[in-house]
Amino acid sequence: MKKLGLVGGTGPESTLIYYKEINRLIHEKTGGKAFPEIAVESVDLYKALEYVGSRKYEELSAYLSNAVNNLVNGGAEVAALTAGTMHIVYADLKGKIKIPLISIPESVCEAAMQRGYRKIGLLGTIFTMREDFFKKPFVDRGIEIVIPREEEMIHVNERISQELEYGIVKDSTREELVSVITAMRDQHGIEAVILGCTELPLILNAGNCPVDCLDTMQIHINRLVELLTE
1 MKKLGLVGGT
11 GPESTLIYYK
21 EINRLIHEKT
31 GGKAFPEIAV
41 ESVDLYKALE
51 YVGSRKYEEL
61 SAYLSNAVNN
71 LVNGGAEVAA
81 LTAGTMHIVY
91 ADLKGKIKIP
101 LISIPESVCE
111 AAMQRGYRKI
121 GLLGTIFTMR
131 EDFFKKPFVD
141 RGIEIVIPRE
151 EEMIHVNERI
161 SQELEYGIVK
171 DSTREELVSV
181 ITAMRDQHGI
191 EAVILGCTEL
201 PLILNAGNCP
211 VDCLDTMQIH
221 INRLVELLTE
């Protein structure tokens, strides 16, 4: 079984879920006979977000590539970033490392294509919703991506950064997010919504979402488990 390297800390809550869920799935897949070898390089969320917010993408790429190379030096054979926003430098980062770096947007796009969706909503940090890096794989394959209105995007971003990043889950916030998704469904006809921040599955799921949820974290985790055990 290949050794996995995770660049975590962006944020800590989702990193914990990656670690626990990958262990659980591989233990289950091997009939209770194995756990994976996983190395976690935890970076500073605030430092990474400062680079993103000020568009210092070269600095962000250097910061994350250093983290991935630390994992490579520790024996990792497959690597992944545990946050959608950090994929803003994925293309540059991929060219700097020597092992496969498994993309969240690409993994989610493959799942959307398998389900036959043509129009999908996108929630995430303000950077994920405004910029093109997460949307590109979908647009390239003819899938339309819908984002909330500007004031709604700001509101969603605040809930992620001020609550979910710290593991704070409020019923009132869930109702607000459901309302945003419902508006995209009613006004634009979205068939599903991408939970484009790996903290969003802490509060949204198939049981409370008005359309099908594309849980980026679970889809990404499932893809990593496949690669580790193939």
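In our numbering, the protein residues as written are 1 to 230.
Each residue gets a CB set at the ideal place from its N, CA and C atoms; glycine is no exception.
Keep in mind the model is a prediction, meaning the values are calculated, not measured.
Is the beta carbon of residue i less than 8 Å from the beta carbon of residue j?
i: Thr82; j: Ser14; result: yes
i: Leu60; j: Tyr51; result: yes
i: Val225; j: Ile181; result: no
i: Val89; j: Lys2; result: no
i: Ile102; j: Val68; result: no
i: Gly124; j: Leu71; result: no
i: Lys136; j: Leu122; result: no
Classify residue i as buried or exposed, calling it buried when 16 or more other Cβ atoms lie within 10 Å of its own Cβ.
i: Pro105; result: buried
i: Thr30; result: exposed
i: Asn66; result: exposed
i: Pro100; result: exposed
i: Glu199; result: buried
i: Asp215; result: buried
i: Phe35; result: exposed
i: Arg185; result: buried
i: Arg24; result: exposed
Just how far apart, CA to CA, sit residue i and residue j?
i: Lys20; j: Asp92; result: 29 Å
i: Val146; j: Gly11; result: 25 Å
i: Met113; j: Ile17; result: 25 Å
i: Thr229; j: Ala62; result: 30 Å
i: Met220; j: Glu144; result: Reading off the sequence, residue 220 comes out as His, not Met. So the two alpha carbons sit approximately 21 Å from each other.
i: Ala183; j: Leu202; result: 21 Å
i: Leu227; j: Asp44; result: 27 Å
i: Glu151; j: Ser54; result: 21 Å
i: Asn205; j: Lys170; result: 14 Å
Shortest alpha-carbon distance to residue i belongs to which of the options?
i: His87; options: Val72, Glu58 and Gly75; result: Glu58
i: His155; options: Thr173, Ile145 and Val146; result: Thr173
i: Asn73; options: Gly95, Ser54, Val40 and Gln187; result: Val40
i: Glu37; options: Lys170, Gly84 and His27; result: His27
i: Phe138; options: Cys213, Lys94 and Val108; result: Val108
i: Ser179; options: Asn208, Val169 and Cys197; result: Asn208
i: Thr85; options: Leu204, Leu195 and Arg223; result: Leu195
i: Arg141; options: Asn205, Glu110, Lys94 and Glu175; result: Glu110
i: Gly9; options: Gly95, Ala48, Cys213 and Lys33; result: Ala48
**Request:** Would you be able to state if there are at least three C-beta pairs under 8 Å between the segment 117-128 and the segment 182-198?
**Result:** yes
**Request:** Kindly confirm or deny that the segment 164-176 and the segment 127-136 touch, where touching means at least three C-beta pairs closer than 8 Å.
**Result:** no
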